[in-house]
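Q: Here it is, the structure in full.
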Amino acid sequence: MANKRIKLDQETFTCCICLDLLRDPLTIPCGHNYCMNCIKDHWNKEDEKNLYSCPLCRQTFTPRPVLLKNTMLAVLVEQLKKTGLQAAPADHCYAGPEDVACDVCTGRRLKAFKSCLVCLVSYCEKHLQPHYDAHPFKKHQLVDPSNRLQENICSHHNEVMKIFCRTDQQCICYLCLMDEHKGHDTVSAAAERTERQRELEGSRLNIQQRIQDREKDLKLLHQEVEAINLSADKTVEDSEKIFTELIRLMAKRSSRVKQQVRSQQRTEVSRVKELQEKLEQEITELKRNDAELKLLSHTEDLNQLLLNYPSLSPLSESTDSSSIIIRPLRYFEDVTAAVSGLRDELQDVLREKWTNVSLKVTEVDALLSQPEPKTRAGFLKYSCDVTLDPNTATTWLSLSDGNRKAKVMREEQSYSSHPDRFSRCDQVLSRESLTGRCYWEVEWRGGGVHVAVSYKNIMRTGIECVADFSSPFNQTLWAVLLHLLLIVV
Numbered sequence: 001m002a003n004k005r006i007k008l009d010q011e012t013f014t015c016c017i018c019l020d021l022l023r024d025p026l027t028i029p030c031g032h033n034y035c036m037n038c039i040k041d042h043w044n045k046e047d048e049k050n051l052y053s054c055p056l057c058r059q060t061f062t063p064r065p066v067l068l069k070n071t072m073l074a075v076l077v078e079q080l081k082k083t084g085l086q087a088a089p090a091d092h093c094y095a096g097p098e099d100v101a102c103d104v105c106t107g108r109r110l111k112a113f114k115s116c117l118v119c120l121v122s123y124c125e126k127h128l129q130p131h132y133d134a135h136p137f138k139k140h141q142l143v144d145p146s147n148r149l150q151e152n153i154c155s156h157h158n159e160v161m162k163i164f165c166r167t168d169q170q171c172i173c174y175l176c177l178m179d180e181h182k183g184h185d186t187v188s189a190a191a192e193r194t195e196r197q198r199e200l201e202g203s204r205l206n207i208q209q210r211i212q213d214r215e216k217d218l219k220l221l222h223q224e225v226e227a228i229n230l231s232a233d234k235t236v237e238d239s240e241k242i243f244t245e246l247i248r249l250m251a252k253r254s255s256r257v258k259q260q261v262r263s264q265q266r267t268e269v270s271r272v273k274e275l276q277e278k279l280e281q282e283i284t285e286l287k288r289n290d291a292e293l294k295l296l297s298h299t300e301d302l303n304q305l306l307l308n309y310p311s312l313s314p315l316s317e318s319t320d321s322s323s324i325i326i327r328p329l330r331y332f333e334d335v336t337a338a339v340s341g342l343r344d345e346l347q348d349v350l351r352e353k354w355t356n357v358s359l360k361v362t363e364v365d366a367l368l369s370q371p372e373p374k375t376r377a378g379f380l381k382y383s384c385d386v387t388l389d390p391n392t393a394t395t396w397l398s399l400s401d402g403n404r405k406a407k408v409m410r411e412e413q414s415y416s417s418h419p420d421r422f423s424r425c426d427q428v429l430s431r432e433s434l435t436g437r438c439y440w441e442v443e444w445r446g447g448g449v450h451v452a453v454s455y456k457n458i459m460r461t462g463i464e465c466v467a468d469f470s471s472p473f474n475q476t477l478w479a480v481l482l483h484l485l486l487i488v489v
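Start counting the sequence shown at 1; every next residue gets the next number (UniProt numbering).
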């Protein structure tokens, strides 16, 4: 009956909104009791409707009732607090399946607030109070609630394990120390814990220092990215200006060649037309003389013929026909050939110098270098497109498949003479220069093949042109700016 009466009292003095003991209790017109702040908050949400209700019975009030503290009810609540009677805990205060429960509570147990490593018991806030009030308990070590307290009990002797065996790296009880751990290096568990905490603190300090170092490195990398982007943007801008200037110079040269050709065209056409007019005048004069001679030759009067003959106009000096040379479609071919030669030379220069430009680009070094590739997939990231230079191939090699395939022939091939051509051994250089990290794959059939890299200025004639990796002659086989050298065996 006492329990039932207490439960009734608890329900009577509990706010149905916060489920706790009434704070600043008041009674609204329908007779139900609430905390002052709880009912205010509830009615504040109903201001827009201007209709205020009781959360329990749903009775409505208009206008909003004036809230006054229930002094008598407040006195009763304070008396209940002084006698130790507390409101029934809310459901969330009880231990669930995943929670650590108070080992002292009976019936439905509350959630544990702390666990004691000395008592090996978990306590709710109420049952933990003696550890705060009683002097003998104040030295006990309290930790967050744990379900693993029983792990501190020796399974062999059912005693608390307060000793740490450094030999076997495990906690033991004092009976274990007298038995199987006799003579081992042992210390108190508390001392070992202090030592481990010191080590952990040292590790934390080391980790924190590493974090600071990495944060500094990260900041440097951010700065590096900004610097790289700024430098790249400026280089692109400057390069565009330079290439624009080169294009302007080429356009200027093209315009100048055009002007020279047109000027020479006008000169030559004028000279030809002048000669043409002279020839036309000569033809006209000759035709007139021919007509006079024809007329005179048909005169039957002998005296008239003899009289007019001396008065015939003398023939003018004839134009030298040897100065007229007809060269169909070849008047400005030499200019075209010269421009084509200039183009070829520029292409060669660009091909050579472009490798140096590419080298300078790849030499740009950030803080972090690329890791060495270990797999074929990693190597393929650095694959380069290599073609063979027909101007370097010996006459016994036949190139095909877009100059990507070389084959030894039984008969010499009809290659044009070129200063870059090898004269001995079946060798050929790549057309492209190699720089930085490059990867290529070679397939072959037959006797075999040697693949190496070489300066472009490797000797083309004599014994020095033969690629012998151990030969003192070939100091040009390995360098920074290289070409692929293929020797077919």
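We put the beta carbon where it would ideally sit given N, CA and C, even for glycine. These numbers were taken from a predicted model, which means no experiment stands behind them.
Relative to the alpha-carbon of Ala377, which residue among Ser400, Leu388 and Tyr439 has its alpha-carbon at the smallest distance?
A: Nearest option by C-alpha distance: Tyr439.
Q: Label Leu51 either buried or exposed according to how many other C-beta atoms from any shown protein chain fall within 10 Å of its C-beta, with 16 as the threshold for buried.
A: Exposed, by the Cβ-count rule.
Q: The beta strand (DSSP E) with Phe164 in it runs from where to where?
A: Ile163 to Cys165 is the extent of the beta strand (DSSP E) around Phe164.
Q: Specify the secondary structure class of Lys273 as computed by DSSP and reduced to three states.
A: Lys273 falls in the helix class under three-state DSSP.
Q: Buried or exposed, going by whether 16 or more other CB atoms sit within 10 Å of the CB of Thr12?
A: Exposed, because fewer than 16 other Cβ atoms sit within 10 Å of the Cβ of Thr12.
Q: From the DSSP output, in three-state form, read off Ser383 for me.
A: The answer is strand: DSSP assigns Ser383 an E or B state.
Q: When burial is assigned at 16 or more other CB atoms within 10 Å of the CB, is Ser433 buried or exposed?
A: It is buried - the Cβ of Ser433 has at least 16 other Cβ atoms within 10 Å.
Q: Helix, strand or coil, according to DSSP, for Cys176 in the structure here?
A: The answer is helix: DSSP assigns Cys176 an H, G or I state.
Q: In the DSSP assignment, what are the bridge partners of Cys93?
A: In DSSP, Cys93 forms no bridge with anything.
Q: Just mark Met161 as buried or exposed, buried being the case when its beta carbon has 16 or more other beta carbons within 10 Å.
A: By the 10 Å Cβ count, Met161 comes out buried.
Q: Can you tell me whether Tyr382 is buried or exposed? The criterion is at least 16 other CB atoms within 10 Å of its CB, across all chains shown.
A: With fewer than 16 Cβ atoms within 10 Å of its Cβ, Tyr382 is classed as exposed.
Q: Tell me the DSSP secondary structure of Thr394 in three-state form.
A: DSSP places Thr394 in coil when its eight states are reduced to three.
Q: Need the endpoints of the alpha helix (DSSP H) that Thr71 sits in, please.
A: Run containing Thr71: Thr71 to Lys82, per the alpha helix (DSSP H) assignment.
Q: Would you say the region 410 to 418 touches the region 393 to 400, given that touching needs at least three Cβ pairs under 8 angstroms?
A: Cβ pair count under 8 angstroms is three or more, so yes.
Q: Would you kindly work out how many angstroms separate the C-alpha atoms of Glu240 and Ala232, rounded to a whole number?
A: Each residue's alpha carbon lies about 12 angstroms from the other.
Q: What residue range is occupied by the uninterrupted alpha helix (DSSP H) comprising Tyr123?
A: First-last for Tyr123: Val121 to Tyr123, but that is the beta strand (DSSP E), not the alpha helix (DSSP H).
Q: Would you say Lys114 and Pro63 are within 8 angstroms of each other, going by their C-beta atoms?
A: No.
Q: Taking Cβ to Cβ, would you say Leu73 is nearer than 8 angstroms to Leu22?
A: Cβ distance < 8 angstroms, so Leu73 and Leu22 count as in contact.
Q: Helix, strand or coil for Asn158, going by three-state DSSP, please let me know.
A: Looking at Asn158 - three-state DSSP - the assignment turns out to be coil, as it is neither helix nor strand.
Q: What residue range does the beta strand (DSSP E) around Lys407 cover?
A: From DSSP, the beta strand (DSSP E) with Lys407 extends over Lys405 to Val408.
Q: Using only the alpha-carbon positions, how far apart do Cys116 and His135 sit?
A: Cys116 and His135: Cα-Cα distance of roughly 15 angstroms.
Q: Buried or exposed: which applies to Ile228, given that a residue is buried once 16 or more other Cβ atoms fall within 10 Å of its Cβ?
A: Exposed, because fewer than 16 other Cβ atoms sit within 10 Å of the Cβ of Ile228.
Q: Looking only at its own chain, which residues have a Cβ that is under 7 angstroms from the Cβ of His222, when we skip the five neighbours before and after it?
A: Correct list: empty, nothing qualifies.
Q: Taking the C-alpha atoms as reference points, what is the distance between Glu280 and Val339?
A: Glu280 and Val339: Cα-Cα distance of roughly 37 angstroms.
Q: Select from Pro419, His418, Asp420 and Cys425 the residue whose C-alpha is nearest the C-alpha of Lys407.
A: Out of Pro419, His418, Asp420 and Cys425, Cys425 has the C-alpha closest to the C-alpha of Lys407.
Q: Looking at the structure shown, is Gln208 part of a helix, part of a strand, or coil, going by DSSP?
A: In this structure, Gln208 counts as helix in the three-state DSSP scheme.
Q: Could I get the ranges of all uninterrupted beta strand (DSSP E) runs contained in the region 395 to 461, with 3 residues as the minimum, in chain order?
A: Correct list: 397 to 400, 405 to 408, 427 to 434 and 449 to 454.
Q: For Leu110, list the residues DSSP reports as bridge partners.
A: In DSSP, Leu110 forms a bridge with Tyr94.
Q: Pick helix, strand or coil for Thr14, following the three-state DSSP scheme.
A: Looking at Thr14 - three-state DSSP - the assignment turns out to be strand.
Q: Is Gln141 buried or exposed, if buried means 16 or more other CB atoms sit within 10 Å of its CB?
A: So Gln141 ends up on the exposed side.
Q: Could you pull the DSSP bridge partners for Pro25 from this structure?
A: Beta-bridge pairing links Pro25 to Cys35.
Q: Give me the Cα-Cα distance between Glu372 and Phe379, rounded to the nearest whole angstrom.
A: Taking the straight line joining both Cα atoms gives about 9 angstroms.
Q: Where does Ala251 sit, in a helix, a strand or coil, going by DSSP?
A: DSSP places Ala251 in helix when its eight states are reduced to three.
Q: Can the beta-carbon of Lys111 be found less than 8 angstroms from the beta-carbon of Val104?
A: Not closer than 8 angstroms, so no.
Q: May I ask you to list the residues that DSSP assigns as paired with Leu142?
A: Its beta-bridge partners are Cys116.
Q: Under DSSP, the beta strand (DSSP E) around Thr186 begins and ends at which residues?
A: Thr186 to Ser188 is the extent of the beta strand (DSSP E) around Thr186.
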